[in-house]
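Peer 1:
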Amino acid sequence: MIEGEFVPTDEFLCRKGSFSMASFFSDLGKTFQSAAKTIQKKTAEGMEATRRNSELRSLRDEQKKLFAALGEAYYTSRDGEGGKEQLDLLVRRIDELAERIKAVTAEIDALNDKKRCPGCGAVVDLDAKFCPSCGAKMPASKQPEPEEAPEAPRA
83 MIEGEFVPTD EFLCRKGSFS MASFFSDLGK TFQSAAKTIQ KKTAEGMEAT
133 RRNSELRSLR DEQKKLFAAL GEAYYTSRDG EGGKEQLDLL VRRIDELAER
183 IKAVTAEIDA LNDKKRCPGC GAVVDLDAKF CPSCGAKMPA SKQPEPEEAP
233 EAPRA
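In our numbering, the protein residues as written are 83 to 237.
#1: For the beta strand (DSSP E) holding D207, just list the boundary residues, first then last.
#2: Please classify C199 as buried or exposed, where buried requires at least 16 neighbouring CB atoms within 10 angstroms.
#3: Report the rounded CA-to-CA distance for E189 versus K124, giving the unit in angstroms.
#4: Cβ of L169 within 8 Å of Cβ of L148?
#5: By the 10 Å Cβ neighbour count, where 16 or more other Cβ atoms means buried, how is P226 classified, buried or exposed?
#6: Just reading off the beta strand (DSSP E) that K197 is part of, what are its end residues?
#7: Within 10 angstroms of its Cβ, does A237 collect 16 or more other Cβ (buried), or is it exposed?
#8: Would you be able to state if there are at least three C-beta pairs under 8 Å between the stretch 177-187 and the stretch 112-131?
#9: If you measure from the CB of F107, is any heavy atom of the ligand SAM nearer than 7 Å?
#10: May I ask which residues mark the beginning and end of the alpha helix (DSSP H) holding S105?
#11: Leaving out five residues before and five after M220 in sequence, what residues of the same chain have Cβ atoms less than 7 Å from its Cβ?
#12: Run through the DSSP bridge pairs and tell me what K166 is partnered with.
#13: Given a cut-off of 8 Å, decide if A131 and N194 are closer than it, judged by their beta-carbon atoms.
#14: Using a Cβ-Cβ cutoff of less than 8 Å, which residues in the same chain neighbour C202 once the five nearest sequence positions on both sides are dropped?
#15: Return the chain-ordered list of same chain residues with a C-beta closer than 7 Å to the C-beta of K197, the five sequence neighbours on each side being excluded.
#16: Starting from K184, follow its DSSP beta bridges and name the residues at the other end.
#17: Taking the CB atoms as reference points, tell me whether L141 and V186 lie closer together than 8 Å.
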């Protein structure tokens, strides 16, 4: 420090408005609040992904059981005892499960900011132009539309 040099003190800075402990702690509080909201959002997203993955496992287990039942029903229907209705019912239920599995898989991909290759079914980033597994050109991703806030009633 040079003799006679003016060094601003905290008291001087506070009076001049360039430094305020209150604004420092306010900014720090806002930073912590923002971080807490981010953590809360990520935790909720993780819980939702876990729930969807559990649902997907359950659907696939049910599908395997239905495939086994379909095979058994086909085998027993060979002797001509009208098993066609049971076979049709099982096939319809398997088709319904396949559609639900596809929907849940798409929801999981969306939660993870991913999409599926239409060629090979590989999981790829949303912004990918080509599939890294098979090289197929990826369709353009739909950008989520911003939500419009409802208009305030006019007096």
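Ideal placement from N, C-alpha and C gives every residue a C-beta, glycine not left out. All of these numbers come straight from a predicted model, not from anything done at the bench.
Peer 2: To lay it out plainly:
#1: Translated into the one-based positions of the sequence shown, residue 207 becomes position 125. Note, D207: beta strand (DSSP E), V205 to D207.
#2: Taking the sequence shown and counting its residues from 1, one reaches residue 199 at position 117. C199 should be labelled buried.
#3: In the sequence shown, residue 189 corresponds to position 107, counting from 1. In the sequence shown, residue 124 corresponds to position 42, counting from 1. Each residue's alpha carbon lies about 16 Å from the other.
#4: The residue you call residue 169 lines up with position 87 of the sequence shown. The residue you call residue 148 lines up with position 66 of the sequence shown. No Cβ-Cβ contact shorter than 8 Å links L169 with L148.
#5: Locating residue 226 in the sequence shown gives position 144, where the first residue counts as 1. With a pLDDT of 49 at P226, under the threshold of 50, the modelled position of this residue cannot be trusted; read the value that follows with caution. P226 comes out exposed.
#6: Here residue 197 corresponds to residue number 115 of the sequence shown, with the count starting at 1. The continuous beta strand (DSSP E) containing K197 extends over residues K196 to R198.
#7: Looking up residue 237 in the sequence shown gives position 155. With a pLDDT of 48 at A237, under the threshold of 50, the modelled position of this residue cannot be trusted, and the question is left open.
#8: Because the criterion of three Cβ pairs below 8 Å is not met, the stretch 112-131 and the stretch 177-187 do not touch.
#9: Annotation note on the ligand SAM: not contained in the displayed structure, which lists no ligands.
#10: One-based indexing of the sequence shown puts residue 105 at position 23. S105 -> alpha helix (DSSP H) spans M103 to S159.
#11: As a working note, residue 220 is residue 138 in the sequence shown. Apart from the 5 residues on each side of it in sequence, M220 sits with its Cβ closer than 7 Å to the Cβ of C199, V206, A210, K211, F212 and C213 in its chain, given in chain order.
#12: One-based indexing of the sequence shown puts residue 166 at position 84. K166 is bridged by DSSP to nothing; it lacks a bridge partner.
#13: On the sequence shown, position 112 is the one that residue 194 refers to. On the sequence shown, position 49 is the one that residue 131 refers to. Their beta carbons are under 8 Å apart, which means N194 touches A131 by this criterion.
#14: As a working note, residue 202 is residue 120 in the sequence shown. C213, S215, C216 and A218.
#15: For this step, residue 197 is matched to residue 115 along the sequence shown. Only D191, V206, L208 and S223 meet the Cβ criterion.
#16: As a first step, residue 184 is located in the sequence shown; it is residue number 102 there, counting from the start. Paired residues: none, contrary to the question.
#17: Taking the sequence shown and counting its residues from 1, the one referred to as residue 141 is at position 59. Taking the sequence shown and counting its residues from 1, the one referred to as residue 186 is at position 104. In contact: L141 and V186 (Cβ atoms closer than 8 Å).
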